[in-house]
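Participant: Those letters in the sequence shown? Residues 13 to 330, by this note's numbering.
Beta carbons: idealized from backbone N, C-alpha and C, even for Gly.
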Amino acid sequence: MTSIRPLARFATLGCAGLLAVSLAWPAAAACDRTLQPPPTSGAPQRVLFVGNSFLHGHAPPVLHYNAARVTDLNGTGYGGVPGIFRALAEEAGLQVDVASELMSGQTLRFHLDEKRALITSRPWDVVVLQEYSTLSPRRPGDATAFVAAAGALESAVHAVNPGARVYLLQTWARADQVYQTPGGRWSGQSLEAMQADLRTAYAEAAQKASCVAGVLPVGDAALRAVQEGVADRNPYDGIEPGQLNLWGPDSYHFGPWGSYLEALVIFGQLTGRDPQSLGADSRAGRDLGLTPAQVEAAQRIAARELRGAASPGAPSRP
13 MTSIRPLARF ATLGCAGLLA VSLAWPAAAA CDRTLQPPPT SGAPQRVLFV
63 GNSFLHGHAP PVLHYNAARV TDLNGTGYGG VPGIFRALAE EAGLQVDVAS
113 ELMSGQTLRF HLDEKRALIT SRPWDVVVLQ EYSTLSPRRP GDATAFVAAA
163 GALESAVHAV NPGARVYLLQ TWARADQVYQ TPGGRWSGQS LEAMQADLRT
213 AYAEAAQKAS CVAGVLPVGD AALRAVQEGV ADRNPYDGIE PGQLNLWGPD
263 SYHFGPWGSY LEALVIFGQL TGRDPQSLGA DSRAGRDLGL TPAQVEAAQR
313 IAARELRGAA SPGAPSRP
């Protein structure tokens with residue numbers, strides 16, 4: 013098996029002087045740091061996921077999926093999206109060593125304040141940071157604390173391994189916030205409106221940090237699935253025939269299909285592999301109870317989002 017490589021199309025948002033990431037790790041300095049070369053002798057890439065239930069999943073089959081193949085630094089036994097990502101990497105013949113530091117309902121500020129020692133306990137090659145789903149539990153839509161915590165965590169990671177690639181995992185618009193939260197920040201608006209706020213916040217956090225390698229556009233991929241008619245827009249009025257439900261029963265967390273899509277976006281951007289190369293017979297997809305058609309739909313949406321392709325006939329994004 014070969015080690016993973018970054019995806020060529022994604023610009024490094026926060027690193028001055030580095031305009032794009034090549035399929036081989038850059039030899040030149042970035043953000044005044046010299047990036048380390050790829051692992052030699054087939055050594056696995058060390059990937060850490062930091063976040064909450066938007067990564068570990070809300071319920072089976074996602075919650076404990078492939079947990080035996082994920083080093084859970086908190087000892088909670090979660091598999092989740094990191095477990096799916098590892099399965100996808102292995103399907104592609106890639107060596108990857110996956111760890112997670114995930115706590116339900118917590119912000120990146122919590123991880124910075126309470127889990128910094130765990131996060132900096134090893135010289136990770138890749139670190140994925142995911143913020144609270146409304147950006148702030150007390151002030152939905154306010155990205156101030158997120159931007160500060162993301163920058164501080166990125167600096168902490170780079171203090172241990174200057175060559176690490178740090179990514180921010182962009183979360184998704186929540187159906188419950190849009191359709192079932194009277195008086196809420198996004199009540200009566202649209203999935204597009206909430207996703208626009210999330211997109212702006214993650215872009216700001218990446219730009220203001222010293223050296224963030226990029227944003228993993230999971231939320232944008234989910235919105236693309238809705239706009240292209242693959243996934244249903246409003247689960248509260250029933251799922252349209254022929255469409256998929258992104259969310260689980262709470263219409264808040266992703267269900268199995270949404271989690272598979274999330275892992276595919278991560279897989280595609282971190283490895284540079286086309287998600288569609290995994291094929292309809294993807295083992296991880298089968299394990300999650302998805303049909304070949306559902307697997308292909310997720311792979312197609314992830315690939316299109318990573319390519320930045322326009323959605324034919326879909327509304328333009330705000």
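Here's a check: name, in chain order, each residue in its chain whose Cβ is nearer than 7 angstroms to the Cβ of residue 168, leaving out the five neighbours to either side.
Facilitator: 128, 131, 132
Participant: Expressed to the nearest angstrom, what Euclidean distance is found between the alpha-carbon atoms of residue 224 and residue 120?
Facilitator: 15 angstroms
Participant: By the three-class DSSP mapping on this structure, what secondary structure does residue 125 have?
Facilitator: It is helical.
Participant: What is the DSSP secondary structure of residue 212, reduced to helix, strand or coil?
Facilitator: helix
Participant: If you count every other CB in all the chains shown that lies within 10 Å of the CB of residue 219, and 16 or more means buried, which is it?
Facilitator: Residue environment analysis places residue 219 among the exposed positions, since fewer than 16 neighbouring C-beta atoms fall within 10 angstroms of its C-beta.
Participant: Count the other CB atoms within 10 Å of the CB of residue 318; is the residue buried (16 or more) or exposed (fewer)?
Facilitator: Result: buried.
Participant: For the structure I just gave you, are there three or more beta carbon pairs, one from the region 110 to 124 and one from the region 78 to 97, closer than 8 angstroms?
Facilitator: yes
Participant: Should residue 39 go down as buried or exposed, given a rule of 16 or more other Cβ atoms within 10 Å for buried?
Facilitator: Bear in mind that a pLDDT of 27 at residue 39, under 50, signals an unreliable position, so the number given afterwards is only what the model happens to contain. It is exposed - the Cβ of residue 39 has fewer than 16 other Cβ atoms within 10 Å.
Participant: Please name the residue in 105, 213, 271 whose C-alpha comes closest to that of residue 157.
Facilitator: 213
Participant: Jot down the residue ranges of each uninterrupted beta strand (DSSP E) in the region 71 to 116, minimum 3 residues, whole runs only, in chain order.
Facilitator: 82 to 84, 106 to 114
Participant: Spell out the partners DSSP gives residue 165 in its beta bridges.
Facilitator: Paired residue(s): none; residue 165 is not in a bridge.
Participant: Can you round the beta-carbon distance between residue 275 and residue 93 to whole angstroms, since I take them to be within the 8 angstroms contact cut?
Facilitator: 5 angstroms
Participant: Start and end of the alpha helix (DSSP H) containing residue 272?
Facilitator: 268 to 283
Participant: Would residue 256 and residue 269 qualify as a contact pair, given that the criterion is a beta-carbon distance under 9 angstroms?
Facilitator: yes
Participant: Hey, residue 177 and residue 137: beta-carbon distance below 9 angstroms or not?
Facilitator: yes
Participant: Tell me the rounded alpha-carbon separation between residue 338 and residue 162.
Facilitator: Any property of residue 338 remains undetermined from this structure, which presents the chain solely from 13 to 330.
Participant: By Cβ distance, which residues of its chain are closer than 8 angstroms to residue 73, with the 5 residues on each side in sequence left out?
Facilitator: 268, 299, 300, 301
Participant: By the DSSP assignment, the alpha helix (DSSP H) with residue 239 in it spans what residues?
Facilitator: 230 to 239
Participant: To the nearest angstrom, how far is the alpha carbon of residue 311 from that of residue 243?
Facilitator: Roughly 13 angstroms between the two C-alpha positions.
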